[in-house]
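Structure first, then comments.
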Amino acid sequence: MRPPAYQLLADELRADITSGRLQPGERLPPEPELCVKTGVSRSTVREALRLLASQHLIVTTRGVTGGSFVSHPDAEQLAEGLATGFTLLTNTDGVGLADLLELRRALEVPAAGLAALRRDDDNLLEIRSALFDPALDDLETMLAAHAAFHMAVAKATANPLFELVVRPLYYASYGEEVTDHLPEGYWVQIDADHRRLIDCLVNRDAETAGQVAIAHLDYVMRSTQEPEVSPRYAG
1 MRPPAYQLLA
11 DELRADITSG
21 RLQPGERLPP
31 EPELCVKTGV
41 SRSTVREALR
51 LLASQHLIVT
61 TRGVTGGSFV
71 SHPDAEQLAE
81 GLATGFTLLT
91 NTDGVGLADL
101 LELRRALEVP
111 AAGLAALRRD
121 DDNLLEIRSA
131 LFDPALDDLE
141 TMLAAHAAFH
151 MAVAKATANP
161 LFELVVRPLY
171 YASYGEEVTD
181 HLPEGYWVQI
191 DADHRRLIDC
201 LVNRDAETAG
211 QVAIAHLDYV
221 MRSTQEPEVS
231 PRYAG
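For the sequence shown, counting from 1, position 218 maps to 218 in the UniProt record's numbering; every step adds exactly one.
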């Protein structure tokens, strides 16, 4: 079945944006011009623009100087879309915690090494601010802190693609909260791993930073072997 006209127009404009023919901040043709150019009604044009706006590809403003403009890339907004995909996949039978940890290893180990080499003082401050106290903090606080920690390490690589791809791993929802199978002292060990990684970043020791990241993920894997454990609780 042929897609609706607004979808075809949105696809055409999306291709112009993703190919770079339309640059961030550039204004799209006005609605009347798009109507003439594409031969569709104004309502169809507006529906296509609403679709692109919902995908964070354009921003529409009103007024004399208003119009629709290509959005500037935003890692957080893009990560939201990826997080939805992660959630859908992890709620299927074919994708589990082991798959998630395998992906984390592929991303976080090199990220730790790059962060050690490229971090600045602001990065270190942000990473330290994401530490938690396993003796005092509740579970929700520790979950939020560990997500912020790993995203801050990704940011310290100075490669925005690491930040973009790592974010969804901590934004995605994985269903029921299950903590019964985590070993005693789990969060104490996670906190200790995070602090060891910070030491490596301070010393710009990329090799040891990668080793700490590997050991950290190995511990998470050993501690979450029970199938009931939700990926949400992997430190």
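Beta carbons are placed, not taken as given, at the ideal position from N, Cα and C, and that holds for glycine.
Mapping the DSSP letters down to three states, classify residue i as helix, strand or coil.
i: H181; result: coil
i: N203; result: coil
i: G96; result: coil
i: M221; result: helix
i: D120; result: coil
i: E228; result: Only weak support exists for where E228 lies, its pLDDT of 43 falling under 50; the value from the coordinates is given anyway. The answer is coil: DSSP assigns E228 none of H, G, I, E or B.
i: Q189; result: helix
Quick one, are the C-beta atoms of residue i and residue j less than 8 Å apart?
i: V109; j: G25; result: no
i: V165; j: M151; result: no
i: L51; j: S68; result: no
i: A148; j: A135; result: no
i: R196; j: V212; result: yes
i: I198; j: R105; result: no
i: A111; j: V70; result: no
i: L57; j: V45; result: no
i: L9; j: V40; result: yes
i: Y6; j: E31; result: no
i: D193; j: F132; result: no
i: residue 236; j: S223; result: Residue 236 is absent from the model: the chain starts at 1 and stops at 235.
i: L100; j: L22; result: no
i: L143; j: L201; result: no
i: T61; j: A53; result: no
Any C-beta of chain B sitting closer than 8 Å to the C-beta of residue i?
i: R128; result: In the displayed structure, chain B is absent; only one protein chain is listed.
For this session: Taking only runs that begin and end inside the UniProt domain "HTH gntR-type" (3 to 73), name each unbroken beta strand (DSSP E) of 3 or more residues, in chain order.
Result: 58 to 61, 67 to 70
Using a Cβ distance threshold of 8 Å, determine whether the segment 99 to 116 contacts the segment 156 to 165, with at least three qualifying pairs required.
yes
**Report entry** Complete runs of the alpha helix (DSSP H) confined to the segment 131 to 179 [at least 4 residues]
**Finding:** 139 to 155, 160 to 171
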